[in-house]
Amino acid sequence: MKEFSVLYNKIALLVTIIGIFTIPFLLPNAFAHGLGGDQAPPISFGDMEVTVRTQLSPSDITVGEIDSANMQVRFFDTLTDTNLDKVTYRVEVWQSGELLARNLFYDTDGRLDVKIKPKTGCNKNPIETCTIYGGSEHVSAPGALYVQGAECTDDNLDICGRPSMTGPIFVKGGLYKIRVDIEAATSPTVVLANPLSYETFVSIAQEQNFSFQSANTEEIPVIVKTYYDEVENFDFNTFDNSISFDMPFNWNPSYIDQVQVVHEEVRVPKTFVPYAEGKQFKGYVNGVEIDQRALLNDPYSYDDTNIVHFLITKNELQKINEKLGSSNYDNPKMDLKLVPLAKVSKSSTEFYLVDTTNYEKVPTTINISWDGKYGANQDIPFEFTFFNENRELIKDVRYAYVVFDEFDKEIARNDGTDSINPGIVGIEGLDIQKIYVPSAGQIRVDILVYGTGLDFNPTYAGIGSSIIEIGPGSSTSILTALEKTSIPSWIKNNAEWWAAGQIDDDSFIQGIQFLIKEDILKIPPTTQNSSSGSNDIPSWIKNNAEWWAAGQIDDDSFIQGIQFLIKEGIMRIQS
1 MKEFSVLYNK
11 IALLVTIIGI
21 FTIPFLLPNA
31 FAHGLGGDQA
41 PPISFGDMEV
51 TVRTQLSPSD
61 ITVGEIDSAN
71 MQVRFFDTLT
81 DTNLDKVTYR
91 VEVWQSGELL
101 ARNLFYDTDG
111 RLDVKIKPKT
121 GCNKNPIETC
131 TIYGGSEHVS
141 APGALYVQGA
151 ECTDDNLDIC
161 GRPSMTGPIF
171 VKGGLYKIRV
181 DIEAATSPTV
191 VLANPLSYET
201 FVSIAQEQNF
211 SFQSANTEEI
221 PVIVKTYYDE
231 VENFDFNTFD
241 NSISFDMPFN
251 WNPSYIDQVQ
261 VVHEEVRVPK
271 TFVPYAEGKQ
281 FKGYVNGVEI
291 DQRALLNDPY
301 SYDDTNIVHF
311 LITKNELQKI
321 NEKLGSSNYD
331 NPKMDLKLVP
341 LAKVSKSSTE
351 FYLVDTTNYE
361 KVPTTINISW
371 DGKYGANQDI
381 PFEFTFFNEN
391 RELIKDVRYA
401 YVVFDEFDKE
411 IARNDGTDSI
421 NPGIVGIEGL
431 DIQKIYVPSA
441 GQIRVDILVY
451 GTGLDFNPTY
461 AGIGSSIIEI
471 GPGSSTSILT
481 ALEKTSIPSW
491 IKNNAEWWAA
501 GQIDDDSFIQ
511 GIQFLIKEDI
521 LKIPPTTQNS
531 SSGSNDIPSW
541 IKNNAEWWAA
551 GQIDDDSFIQ
561 GIQFLIKEGI
571 MRIQS
């Protein structure tokens, strides 16, 4: 009887969850970048709103790891999610402003599949002449390539009829632009007076191998997997164990508006203690600390390696531009820095999802974890992790959540920012959401997973719920003590002038002595040598001073640098 009651209560809760999420399950398609795919904004065409979606298979392509890939271009009405048939496409592939391929293709059902075969070694100029096309000219669509055979589906790509492009496509990592012009639709002979033009973007990954020597001279290998452009100037800083590098980037606001996300991965062995499992990280872009949610730590994909993802969204890029001002618009690079913090002991809860029809288990498990130092009356960073039946991360998952207090009062809800196409996207199967919890006690988190990818594949769709106990919370941040006493503005002026070489070391040290005497700056006991001089001060310290003065890094980060100088005997303070 007790088991029946528990089961009844669980089913009743799931039914309640369905009622909470009032968003329909049959969704229009999202107009946004996904993993290995993109969809352009729709254009009015008669009584339809038509668009093009481009998707790659496999979705996550790394240079050198595949012999071929499928590029699917779908032309459809977003109002009915119906393909238009008998379509003539002009497809162009671009990278870094260089045209790699251009040709006409014909398809009968509104889904064009093209086999892409990357090939290097051609030195023709222009490079687009290196690309070779496979297929036959369609009898009713002059110049358009077509292959007779079975219509392509996601399950028969090896045997269906599809044209091909062989050449310098996907042989380098980075962002590729797929431009598609619809020149005819509903009939190969009905040529549009004004072709419908779309631009979509897909990212191809490239792995670069680096290494550094740790403090005990151990050689540590690092892999940077870039989805944007080749990285340069890799560096490791023994003071804070930070990893930094840069890459070409266009900071012009008009370009930023087109960028959905900049994705970089840093892979470090778990045996290197500062990057061991459970570590937290700070990230900086061009000296500006990025939102905690833009850094995702993946200890799950490899037994011996931690992956830290930079997932810098358009909104975050715009905030960086706002912070740095118009002087950043002409900056040709993006500087990235990853700083490991102390290990955090997290609490977590885990539960599986069920479908919304029979309440049967689906192959999706969700883990929600949080740092116990956060609690009531705080924004708590909850980490959502989505696993499949093989305990692998579910990529490009789309979900929503609602949070209730112990009295069933709703305290938080997030189903994305697009009212037409709801859902939060966890590109790597990981996501961090800051949720304000007003009081200690139990909260209930209800989760709805819509599916995966731009087409909301329902394989992992379902609903679930978990109860979480929230404590009073505590704060261990160094900044808590610092914020009680404001640092005089003239100290920051000194830092700025010192960084620019306008005042000498002694003048700057006088300001630091003031901070120590007024008990604003806490220096741990240490032995200091008698040497002092700008030649001994690492350049990154002056960079820190400049960034601190400009408000690009916080007091904590700056003071750690000063502590380092004193502890190492580089800067001598007479207190």
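Heads up: the sequence shown begins at 1 in the working numbering, then just goes up one per residue. Cβ atoms here follow ideal geometry from the backbone N, Cα and C, with glycine treated the same way. If you're wondering where the values come from, they're calculated on a predicted model, not measured in any experiment.
If you follow the alpha helix (DSSP H) that residue i is part of, which residue opens it and which one closes it?
| i | result |
| --- | --- |
| Q318 | K314 to L324 |
| Y255 | P253 to I256 |
| A545 | S539 to A549 |
Spatial neighbours of residue i within its chain, please: C-beta separation below 7 Å, excluding the five flanking residues on both sides.
| i | result |
| --- | --- |
| L26 | Reliability fails at L26, whose pLDDT of 38 lies under 50, so the model's placement of it is uncertain and no value is given. |
| P525 | Note on P525: pLDDT 47, under 50, position unreliable in the model; the coordinate value appears next. Around P525: no qualifying Cβ. |
| V259 | K314 and L317 |
| N324 | Here residue 324 is Leu; the residue named in the question, Asn, does not match the sequence. Closer than 7 Å at Cβ, skipping near neighbours: N286 and V288. |
Please state whether the Cβ-Cβ distance between residue i and residue j is less than 8 Å.
| i | j | result |
| --- | --- | --- |
| V425 | R413 | no |
| S242 | K337 | yes |
| N328 | W251 | yes |
| G429 | R398 | no |
| F310 | N297 | no |
| I204 | G173 | yes |
| I312 | V262 | yes |
| N306 | K270 | yes |
| Q55 | Y176 | no |
| V202 | G36 | yes |
| I169 | V93 | yes |
| P630 | G134 | The structure shown does not extend to residue 630, since the chain is modelled only from 1 to 575, so the question has no answer here. |
| G167 | L100 | yes |
| G473 | D396 | no |
| I368 | S466 | yes |
| W370 | P363 | no |
| I411 | D405 | yes |
Can you name, in chain order, every residue of its own chain whose Cβ lies under 8 Å from the Cβ of residue i, other than the five neighbours on each side?
| i | result |
| --- | --- |
| K542 | W498 and A499 |
| A495 | F508, G511, A545, E546, W548, A549 and F558 |
| D246 | V231, E232, N233, K333, M334, D335 and L336 |
Going along the chain, which residues of its own chain have a beta-carbon closer than 6 Å to the beta-carbon of residue i, five neighbours each way excluded?
| i | result |
| --- | --- |
| S583 | The displayed coordinates of the chain run from 1 to 575. Any statement about residue 583 would go beyond what the structure contains. |
| V87 | F75, D107, G110 and A185 |
| R293 | I432 |
| A141 | T88, Y106 and P188 |
| E77 | For the record, residue 77 in the displayed sequence is Asp; it is not Glu. Cβ within range, chain order: M48 and V50. |
| G561 | I541 and N544 |
| Q552 | G287 and V288 |
| S583 | Since the first residue shown for the chain is 1 and the last is 575, residue 583 is missing from the structure and cannot be characterised. |
| V147 | G135, G161, R162 and P163 |
| D355 | V362 and G462 |
| N331 | W251 |
How is the beta strand (DSSP E) around residue i delimited, first residue to last?
| i | result |
| --- | --- |
| I424 | I424 to G426 |
| E199 | V191 to I204 |
| S466 | G462 to I470 |
| P118 | R111 to P118 |
| S345 | Element bounds for S345: n/a, residue is neither H nor E. |
| T452 | G441 to T452 |
| L99 | E98 to D107 |
| I88 | Strictly speaking, residue 88 in this sequence is Thr, with Ile absent from that position. It spans V87 to Q95 - the beta strand (DSSP E) in which T88 sits, taken as one unbroken run. |
| G174 | G174 to A184 |
| S136 | S136 to H138 |
| P381 | Q378 to F387 |
| F407 | Counting along the chain, F407 falls outside any beta strand (DSSP E), and DSSP gives it neither H nor E. |
With a threshold of 16 other CB atoms inside 10 Å of the CB of residue i, please say whether the residue is buried or exposed.
| i | result |
| --- | --- |
| T365 | buried |
| Q407 | Rather than Gln, the amino acid found at residue 407 in this sequence is Phe. Result: exposed. |
| Q510 | exposed |
| E65 | exposed |
| Q213 | exposed |
| S254 | exposed |
| P188 | buried |
| T485 | Here the model assigns T485 a pLDDT of 45, short of 50, so the residue's position is not dependable and the matter cannot be decided. |
| G533 | Low confidence applies to G533: its pLDDT is 43, below 50, so where it sits in the model is not reliable, and the reading given next is rough at best. Its Cβ having fewer than 16 others within 10 Å, G533 is exposed. |
| I566 | buried |
| I132 | exposed |
| S477 | Caution is warranted here: a pLDDT of 39 is assigned to S477, below 50, making its placement in the model unreliable, and no coordinate value can be reported. |
| Y275 | buried |
| V339 | buried |
| Y154 | A quick correction: the sequence has Asp, not Tyr, at residue 154. The residue in question, D154, is exposed, as its Cβ has fewer than 16 Cβ neighbours within 10 Å. |
| D67 | exposed |
| D303 | exposed |
Run the proximity test for residue i: is its beta-carbon closer than 7 Å to any non-hydrogen atom belonging to the ligand ZN?
| i | result |
| --- | --- |
| A499 | The ligand ZN is absent from the structure shown, which contains no ligand whatsoever. |
So with Cβ pairs under 8 Å, would you call residue i a contact of chain C?
| i | result |
| --- | --- |
| S197 | Protein chain content of the structure displayed is limited to a single chain, and chain C is not contained in it. |
Please specify which runs of the beta strand (DSSP E), each continuous and at least 3 residues long, are wholly inside the region 255-295, giving them in chain order.
-> 261-269 and 279-285
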